[in-house]
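Asks:
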Amino acid sequence: MVNVELGLWQSSLSAFLSLLLQHIKAFYNATWYQRYGHGLPQGPLTLMYSLTVSIFALGGFVGTFPVGILVTQYGRNGTLIRSNFLVLLAGMLMGFSRYLGSPEMVILGRFIIGIHSGICLSVVPMYLGEIAPKNLRGFLGLVPCIFICLGVFSAQVLGLPEVLGEDAYWPLFLSVVVVPAFLQLLLLNWFPESPRYLLIEKNNVHGAAEALSLFLGQHNVQDTIAEIEEEKRSLASVKAVSVWQLLSDHSVRLQVLSVVVINMGMQLSGIDAIWFYTNAIFENAGIPDPDIPYTTVGTGAIEVVAGLIGCFTIEKVGRRSLLIVGFCFMGICCAGITLTLTNLLGTECSLSLTAGVPFLMTAELFKQSHRPSAYIVGGSLNWLSNFTVGFVFPFLQMSAGAFSYLVFCGICFLVALYVYFMIPETKNKTFMEISHLFTSSRATFFSNLPDSFKMTKVPEPLNDLSVWFSRNHNHGKDC
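With the UniProt record's numbering as the guide, the letters of the sequence shown map in order to residues 1 to 479.
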């Protein structure tokens, strides 16, 4: 599955810009001077660089919306193949930006590769979740996190002054993303489509059996086929739901809320602020400028190790425990950053342990009919939160300094509390078992509500809303 993960590797490789901060700012300033006869003041220059950083996430936000249509039309594998052409276009724009004296090409290239990343970050976990046996679904679900960490680490190494970190080479650094894109285009055609997609959506039993035999390394796949057939029968009268239908479906409301909380919580934990502005943070901490690139490489290597630990422990400790421990530890480290930046490493490690769990759980919490729309909801909120942090953090840091991390601290603890009280363990369970588990959890939750909440009932059909409002309005007058 290494080839499938190359899309995430190139996405995180392109996301990491902090090592090029001074070079890109100097390019923007010089271009502005050539065009208008004066350089950019510090405020507009910071705004322009913040836009360059955060527009990657805005592209990711846009990229999540066509995922449902793409995976239904072209399949999981077919969508990944087609998405690579966006990378080739983005790499060309960014690679020739300085030659043509155009900061706009850098920003547009970042936006386009953000669209590709938004597609990949939804489709890759979906693909892996559908092809993995239930006893390995947790491990394979966290493999994307490993490749994201490897992408960041690769960017940190390539950004060293001895490699591509000099002013003359930053356009080449930005365009190196075309390398994994070419590899994917060459290799992905040899990978079969998701067996669940083939059987449930295309009714191709023979193709699904062949794909399962290849993925599982065995010829007898009748038990897995039977499990997929059971899910297919349960969906016989259910078509693929739209995002609006997903949000209005009361039977999966708890799952949708859980996906929203853990996806937004991961991005609002403060890790994006650290990733995007690592150099500036270390500079403010008093680390000499020549040592900063090597410090960031060290943190990147530790992130990869932490991600590997998460991969090999998730099937033992479970998704729920990993999320709770990870968010609590991130909250403690964010609080500690207000006192000393030595806690920054702890924040990155705890994120690497849990970063892949939200994408894994988005696949696990929904049946085939709801899964694409669930990824659109989770992915769009994930990227929107990413964009918000990337754009706002420099100004928040200027006004609040180290205390800005207290906001992230509070969010981490709130997410940990939600997971503890609301999300059941999904380890070693089939998709049907998880669906039944959430149904019983939802019933238990509402049965434990105070009587005052139970008696307050809002009618579910939208056309009854006016009747309900009229009754309550008249009741208020009688009082």
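Cβ atoms here follow ideal geometry from the backbone N, Cα and C, with glycine treated the same way.
Expressed to the nearest angstrom, what Euclidean distance is found between the alpha-carbon atoms of Val297 and Gln397?
Replies: 23 Å
Asks: Which residue wins for smallest C-alpha separation from Phe403, given the options Thr426, Thr52, Ala335, Val357?
Replies: Ala335
Asks: Could you tell me the distance, in whole angstroms, from the CA atom of Val458 to the CA atom of Ser251?
Replies: The predicted model places Val458 with a pLDDT of 40, which falls under 50 and marks its position as unreliable; any figure quoted below should be read in that light. For Val458 and Ser251, the distance between alpha carbons rounds to 15 Å.
Asks: For Ala301, which residues from the same chain have a beta carbon less than 8 Å from its beta carbon, with the 5 sequence-adjacent residues on both sides left out?
Replies: Phe153
Asks: Distance, Cα to Cα, Thr430 vs Ile148?
Replies: Using only the alpha carbons, I get a separation of about 27 Å.
Asks: Does DSSP classify Met455 as helix, strand or coil?
Replies: Confidence is the limiting factor: at Met455 the pLDDT is only 40, short of 50, which leaves the residue's position unreliable and the question unanswerable from this model.
Asks: Determine whether the beta carbon atoms of Val87 and Thr79 lie at a separation below 8 Å.
Replies: no
Asks: Leaving out the 5 sequence neighbours to the left and right, which residues in its chain are closer than 6 Å to Gly60 when beta-carbon positions are compared?
Replies: Gly114, Ser117, Gly118, Trp383
Asks: Just how far apart, CA to CA, sit Arg196 and Pro288?
Replies: 53 Å
Asks: For a test of the three-state rule: what should DSSP assign to Pro358, helix, strand or coil?
Replies: Pro358 carries a helical assignment under DSSP once its states are collapsed to helix, strand and coil.
Asks: Closest to Ile81 by C-alpha separation, out of Ala181, Phe327, Leu360, would be which residue?
Replies: Ala181
Asks: Scan the stretch 209-239 and note each continuous alpha helix (DSSP H) run of 4 residues or more that stays entirely inside, going in chain order.
Replies: 222-234
Asks: Within a Cβ cutoff of 6 Å, which residues of the same chain sit near Val163, ignoring the five residues on either side of it in sequence?
Replies: There are no such residues.
Asks: What separation, rounded to the nearest whole angstrom, lies between the Cα atoms of Met94 and Leu235?
Replies: 45 Å
Asks: Could you check whether the stretch 95-111 touches the stretch 404-416, counting it as contact only if at least three pairs of C-beta atoms, one from each stretch, sit closer than 8 Å?
Replies: no
Asks: Please work out which residues of its chain come closer than 6 Å, Cβ to Cβ, to Tyr33, disregarding the five sequence neighbours upstream and downstream, and give them in chain order.
Replies: Gly39
Asks: Suppose you measure from the CA of Ile271 to the CA of Gly310; what does that come to, to the nearest Å?
Replies: 17 Å
Asks: Is DSSP giving Asp249 helix, strand or coil here?
Replies: coil
Asks: Under 8 Å, do Ile292 and Glu283 count as touching if we go by C-beta distance?
Replies: yes
Asks: Determine contact between the stretch 414-432 and the stretch 363-373, defined as no fewer than three beta-carbon pairs at a distance below 8 Å.
Replies: yes
Asks: Excluding five sequence neighbours on each side, which residues of the same chain lie with their C-beta closer than 6 Å to the C-beta of Leu20?
Replies: Trp170
Asks: Roughly how many angstroms separate the alpha carbons of Tyr294 and His206, rounded to a whole number?
Replies: 52 Å
Asks: With DSSP run on the structure shown, which of helix, strand or coil describes Thr64?
Replies: helix
Asks: From which residue to which residue does the alpha helix (DSSP H) around Tyr418 run?
Replies: 405-422
Asks: What separation, rounded to the nearest whole angstrom, lies between the Cα atoms of Val67 and Cys328?
Replies: 32 Å
Asks: With the cut-off set at 8 Å, would you say Val241 and Ser369 are in Cβ contact?
Replies: yes
Asks: What does a CB cutoff of less than 7 Å around Ser447 pick up in its chain, not counting 5 residues either side in sequence?
Replies: Note on Ser447: pLDDT 48, under 50, position unreliable in the model; the coordinate value appears next. Within the same chain, Ser447 has no close Cβ partners at all.
Asks: Using the three-state DSSP reduction, which class does Leu172 fall into: helix, strand or coil?
Replies: helix
Asks: Rounded to a whole number of angstroms, what is the C-alpha to C-alpha distance between Lys427 and Asp167?
Replies: Their Cα atoms are separated by approximately 48 Å.
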